[in-house]
Amino acid sequence: MSDMTYRTLGRSGLRVSTVGLGCNNFGRPGSATESQEGTERVLHAAIEHGITLLDTADIYGYEYGRSESMMGRALAGRRDQVVIATKFGHADYDSPVPHWGSKGSRRYIRLAVEGSLTRLQTDWIDLYQLHTPDPTTPIDETLAALDELVGEGKIRYVGHSNLAAWQLVEAEHVARQRGGARFVSAQNEYSLLTRGADRELLPAAEAMGVGLLPYFPLYNGLFTGKFTRQGGPADSRIMRQRAHLVENAPWDRIEAYAAFCDERGTGMLEATIGWLLSRPAIASVIAGATTPEQIAQNAAAADAWAPSADELATIEAIFPTNEALTSY
Ligand SMILES: NC(=O)c1ccc[n+]([C@@H]2O[C@H](COP(=O)([O-])OP(=O)(O)OC[C@H]3O[C@@H](n4cnc5c(N)ncnc54)[C@H](OP(=O)(O)O)[C@@H]3O)[C@@H](O)[C@H]2O)c1
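Just so you know, the sequence shown maps onto residues 110 to 437 in our numbering.
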């Protein structure tokens with residue numbers, strides 16, 4: 110049986126598991142989830158462990174649409190058991206959908222959503238997220254187009270990603286003025302080593318009733334406890350593709366954090382997920398995973414450890430927000 114816990118996503122009726130699954134590993138070359146079989150093992154384990162929130166994007170999978178297509182196949186017959194979050198409109202990636210530089214436009218969104226629905230083999234997307242801001246399209250138009258899709262039942266809720274705090278607040282006020290769909294979630298990078306969202310974004314999200322889904326929550330896996338300053342497993346994403354993250358990490362601080370976890374008899378993964386879930390506005394930790402064993406460990410971390418006020422202060426002393434904002 111699952112010990113998963115669930116939270117409401119922002120000011121909405123959508124409940125999501127507090128540990129979700131980031132799906133940008135599906136199709137990733139060299140990972141255990143490069144194959145359809147590996148992906149299915151991870152997705153099915155997630156459902157077994159009570160993980161409901163699956164976060165993907167049209168661009169994930171190292172080939173446009175690949176992660177969504179793999180998920181569509183893997184979820185055949187199990188669609189009702191999960192909350193599918195996908196994204197459209199990342200400004201920095203190629204898209205087969207013609208856009209001429211405005212991926213938040215009504216025209217682009219209406220074409221993009223059909224592609225995602227087809228690849229995911231579903232009639233509806235639970236959470237449809239604008240991947241990055243589109244400076245060329247007024248947010249009013251993006252919201253109106255998304256609202257139409259909600260009305261047609263093609264999507265249920267809307268979210269955004271990589272917006273600045275002022276853009277989050279602007280979008281909320283535009284939605285209030287026009288009525289209809291509003292953004293219920295924000296995805297921004299946030300972890301013990303990337304705390305930029307602390308200053309403006311988290312308080313804004315909390316004040317506006319927007320749930321935060323932190324991305325790279327484990328800093329690509331650095332906070333799973335399997336790395337030291339000497340390195341980590343050769344088959345990990347970090348060692349295969351991003352060794353600089355180990356080389357440049359503030360190891361004195363991470364070792365102090367490891368000692369803090371040891372003193373409490375908790376693993377680094379459990380402490381990190383517990384810390385994230387204690388932060389304002391956070392609804393779910395959408396950690397990526399490449400094996401069923403990682404899924405089991407991440408799911409169990411949902412209610413394994415919660416920091417006291419003193420422990421939060423100790424973590425803050427190890428990774429001070431202001432220094433994290435500027436120097437890591
Ligand atoms: N909105 C955006 O712009 C944006 C940008 C980036 C990501 N995202 C979303 O955020 C999600 C999470 O980010 P992420 O997956 O890139 O990074 P992450 O969650 O910080 O790290 C995930 C990686 O850590 C390792 N790991 C996870 N659990 C583990 C465990 N229990 N034991 C050992 N290793 C473990 C796995 O890699 P290995 O097995 O390879 O070590 C896994 O792929 C993504 O999947 C995506 O959905 C969104």
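Where is the CB? At the ideal position from N, CA and C, for every residue including glycine.
Only a predicted model underlies this, so the values are computations on that prediction, with no experimental measurement involved.
{"Item": "Residue burial classification, residue 357 (beta-carbon count within 10 angstroms, cutoff 16)", "Value": "exposed"}
{"Item": "Under the three-state DSSP convention, the category residue 419 falls into", "Value": "helix"}
{"Item": "Runs of beta strand (DSSP E) lying entirely within the segment 219-253, each at least 3 residues, in chain order", "Value": "234-239"}
{"Item": "CA-to-CA distance, residue 141 to residue 336, given in whole angstroms", "Value": "19 angstroms"}
{"Item": "Buried/exposed call for residue 381, threshold 16 Cβ in 10 Å", "Value": "buried"}
{"Item": "Burial state of residue 110, where buried means 16 or more other Cβ atoms lie within 10 Å", "Value": "Any answer about residue 110 is weak, because its pLDDT of 45 lies below 50 and its placement is not dependable; what the coordinates show is given next. Residue 110 should be labelled exposed."}
{"Item": "For residue 88, the first and last residue of its enclosing beta strand (DSSP E)", "Value": "With the chain running from 110 to 437 in the structure shown, residue 88 is simply not present."}
{"Item": "Per DSSP, cross-strand counterpart(s) of residue 296", "Value": "270, 322"}
{"Item": "Member of 247, 239, 250 whose CA lies at the smallest distance from the CA of residue 266", "Value": "239"}
{"Item": "Sub-8 angstroms separation of residue 362 and residue 428 beta-carbons", "Value": "yes"}
{"Item": "Any non-hydrogen atom of ligand 1 within 7 angstroms of residue 203 CB", "Value": "no"}
{"Item": "Residues of its chain near residue 228, where Cβ-Cβ distance is below 7 angstroms and the 5 sequence neighbours each way are ignored", "Value": "174, 177, 178, 181"}
{"Item": "Contact check, residue 322 vs residue 294, beta carbons under 8 angstroms", "Value": "yes"}
{"Item": "Cα-Cα separation between residue 430 and residue 421, rounded to whole angstroms", "Value": "12 angstroms"}
{"Item": "Beta carbon of residue 418 nearer than 8 angstroms to that of residue 407", "Value": "no"}
{"Item": "Element boundaries [beta strand (DSSP E), containing residue 163]", "Value": "162-164"}
{"Item": "Alpha carbon of residue 410 to alpha carbon of residue 202, nearest angstrom", "Value": "33 angstroms"}
{"Item": "Status (buried if at least 16 other CB within 10 Å, exposed otherwise) for residue 286", "Value": "exposed"}
{"Item": "Residue 223 burial status per 10 Å Cβ neighbour count (16 or more: buried)", "Value": "exposed"}
{"Item": "Residue 110, DSSP secondary structure in three states", "Value": "In this predicted model, residue 110 has a pLDDT of only 45, less than 50, meaning its place in the structure is not dependable; the value taken from the coordinates is given anyway. In this structure, residue 110 counts as coil in the three-state DSSP scheme."}
{"Item": "Whole-number beta carbon distance between residue 278 and residue 252, since they are thought to touch under 8 angstroms", "Value": "Rounded, the Cβ-Cβ distance is 14 angstroms, inconsistent with contact."}
{"Item": "Backbone secondary structure at residue 333 - three-state DSSP", "Value": "helix"}
{"Item": "Whether residue 387 touches residue 415 by CB criterion (8 angstroms)", "Value": "yes"}
{"Item": "Assigned secondary structure, residue 141 (DSSP; H/G/I helix, E/B strand, else coil)", "Value": "coil"}
{"Item": "Residue 373 (DSSP reduced to helix, strand or coil)", "Value": "coil"}
{"Item": "Residue 396 beta carbon near ligand 1 (any heavy atom closer than 7 angstroms)", "Value": "yes"}
{"Item": "Any non-hydrogen atom of ligand 1 within 7 angstroms of residue 326 CB", "Value": "yes"}
{"Item": "Interface flag, residue 308 vs chain B, CB-CB below 8 angstroms", "Value": "Going by chain labels, chain B is absent from the structure shown, which holds only one protein chain."}
{"Item": "Opening and closing residue of the alpha helix (DSSP H) in which residue 355 lies", "Value": "353-356"}
{"Item": "First through last residue of the alpha helix (DSSP H) which encompasses residue 409", "Value": "401-409"}
{"Item": "Rounded separation between residue 231 and residue 338 - CA only", "Value": "44 angstroms"}
{"Item": "Residue 335: CB within 7 angstroms of a non-hydrogen atom of ligand 1", "Value": "yes"}
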